[in-house]
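Protein chains: 2
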Amino acid sequence: MRQESRKQEIVNAAAILFKEKGYSAVTMRDLATTMGIKAASLYNHIQSKQEILSTIIIELAEEFTSGMNEIVSSDQNSIQKLENIISLHIDVTLRNADGLASLNNDWMHLEEDNLLYFEKMRQDYEDNFRQIVKKGVDVNEIKSNNIEIIVFSTLSTLRTLYLWYPKQKNIDANILKKDMISVLLKGVV
Amino acid sequence: MRQESRKQEIVNAAAILFKEKGYSAVTMRDLATTMGIKAASLYNHIQSKQEILSTIIIELAEEFTSGMNEIVSSDQNSIQKLENIISLHIDVTLRNADGLASLNNDWMHLEEDNLLYFEKMRQDYEDNFRQIVKKGVDVNEIKSNNIEIIVFSTLSTLRTLYLWYPKQKNIDANILKKDMISVLLKGVV
Chain A
1 MRQESRKQEI VNAAAILFKE KGYSAVTMRD LATTMGIKAA SLYNHIQSKQ
51 EILSTIIIEL AEEFTSGMNE IVSSDQNSIQ KLENIISLHI DVTLRNADGL
101 ASLNNDWMHL EEDNLLYFEK MRQDYEDNFR QIVKKGVDVN EIKSNNIEII
151 VFSTLSTLRT LYLWYPKQKN IDANILKKDM ISVLLKGVV
Chain B
1 MRQESRKQEI VNAAAILFKE KGYSAVTMRD LATTMGIKAA SLYNHIQSKQ
51 EILSTIIIEL AEEFTSGMNE IVSSDQNSIQ KLENIISLHI DVTLRNADGL
101 ASLNNDWMHL EEDNLLYFEK MRQDYEDNFR QIVKKGVDVN EIKSNNIEII
151 VFSTLSTLRT LYLWYPKQKN IDANILKKDM ISVLLKGVV
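Residue numbers (full-length UniProt numbering), protein chains in the order written: chain A, 1 to 189; chain B, 1 to 189.
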């Protein structure tokens, strides 16, 4: 347990450094300095900078994947499913905005199997999203606009939340969910 | 004239390289190799990699700024203004998606005065956008949702268009404008 939580501290500190300087520019020495420990002692807890990156990104991607799987397999209608996807993104963003910066900016630095695994999860996520919108259009719950534009505009907003949210002051998670659902699904006019 | 158009070729080729590898990783030698010319002859047309980056980004930012100024000073209502902002982003994206990749990914590599000038233009753009939405809410043309969420969600979608659009096949600009305006302003339900 103690071991695990020390690893988590390292991962959290690394996520902040990656966000500020980008994965490529950060060294294990930078990380040790930031944490006020010796570089050698980092290696008691993790093997490499790559292990840190994959821990950050794969955990987040799995969180989105399991959230999406739960939404897909529920018996809710398309609108409720879209509302739950918006809530899922807000929940993950509020819990780990630093990690999402790594996922968005540095996923391409994942190596080999982790890269493939990540790309597969991201593709499946988008496909599930698209299927929900398509189904909604088919049963007249969603307007028959261009489906690709709906998927693109909703996902680009949700994926950028991690940049926007930290600049907002004291915004309540439930109010944010309600307003974001209204703007993204019902529009502004 | 000949001189000018050669410079434009260099800028266009550089924008593609910056998009693929990121500004920091591209050398003048890479650029010369891509263009099939000698590195030395690049310097007949431009002084530095930094000059290329600032040419790409500042021209685009000025294009957005003058487009926004025209929209702001028109006597249209808030909805028409938002529609024109959406059209402006689509027009610029269709004309220069490569350049927008530099603007989005590499603006922080601008030096000194250009960086300040760019940041000023971006801030003014967002302020103008916010004022249009605020005015629309005041006169009941726009729903009184959270204004910051409207500004954020619309701008994140428009700013990500350069990534999405090149993956779409044969999408007509006017249809794209109509559908994007519908999705962003009227919502999907």
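For each residue, glycine too, the CB sits at the ideal point set by N, CA and C.
Beta-carbon proximity check, residue i vs residue j, cutoff 9 angstroms
i: Thr34 of chain A; j: Ile56 of chain A; result: no
i: Tyr162 of chain B; j: Leu100 of chain B; result: yes
i: Met110 of chain B; j: Gln50 of chain B; result: For the sequence presented, residue 110 of chain B should be read as Leu rather than Met. Yes, these two residues count as a Cβ contact at 9 angstroms.
i: Phe18 of chain B; j: Leu60 of chain B; result: no
i: Leu176 of chain A; j: Ile90 of chain A; result: yes
i: Val188 of chain A; j: Leu185 of chain B; result: yes
i: Tyr43 of chain B; j: Ala97 of chain B; result: no
i: Phe118 of chain B; j: Ile171 of chain B; result: no
i: Glu148 of chain B; j: Gln8 of chain A; result: no
i: Ile142 of chain A; j: Val133 of chain A; result: yes
i: Thr160 of chain B; j: Thr93 of chain A; result: no
i: Thr157 of chain B; j: Ser144 of chain A; result: no
i: Arg95 of chain A; j: His45 of chain A; result: no
Rounded Cβ spacing between residue i and residue j (contact assumed at less than 8 angstroms)
i: Ala39 of chain A; j: Arg29 of chain A; result: 5 angstroms
i: Met108 of chain A; j: Thr65 of chain A; result: With 8 angstroms as the limit, Met108 of chain A and Thr65 of chain A do not qualify as a contact, their Cβ atoms being about 19 angstroms apart.
Taking 8 angstroms as the cut-off, does the region 123-138 of chain A touch the region 127-142 of chain B (at least 3 CB pairs, one atom from each stretch)?
no
For the region 85-103 of chain B against the region 172-189 of chain B, do three or more pairs of beta-carbon atoms, one drawn from each stretch, fall closer than 8 angstroms, so that the two count as touching?
Yes, they touch.
With a floor of 3 residues, list each beta strand (DSSP E) that falls wholly inside the region 25-111 of chain B, ordered by position along the chain.
none
Could you tell me whether the region 131-139 of chain A touches the region 71-84 of chain A, using the rule of 3 or more Cβ pairs below 8 angstroms?
yes
Complete alpha helix (DSSP H) runs within the region 106-142 of chain A (minimum length 4 residues, chain order)
Taking only runs of at least 4 residues, the alpha helix (DSSP H) segments lying wholly in the region 106-142 of chain A are 112-138.
Alpha helix (DSSP H) segments (min. 4 residues) lying fully within the region 144-169 of chain B:
147-164
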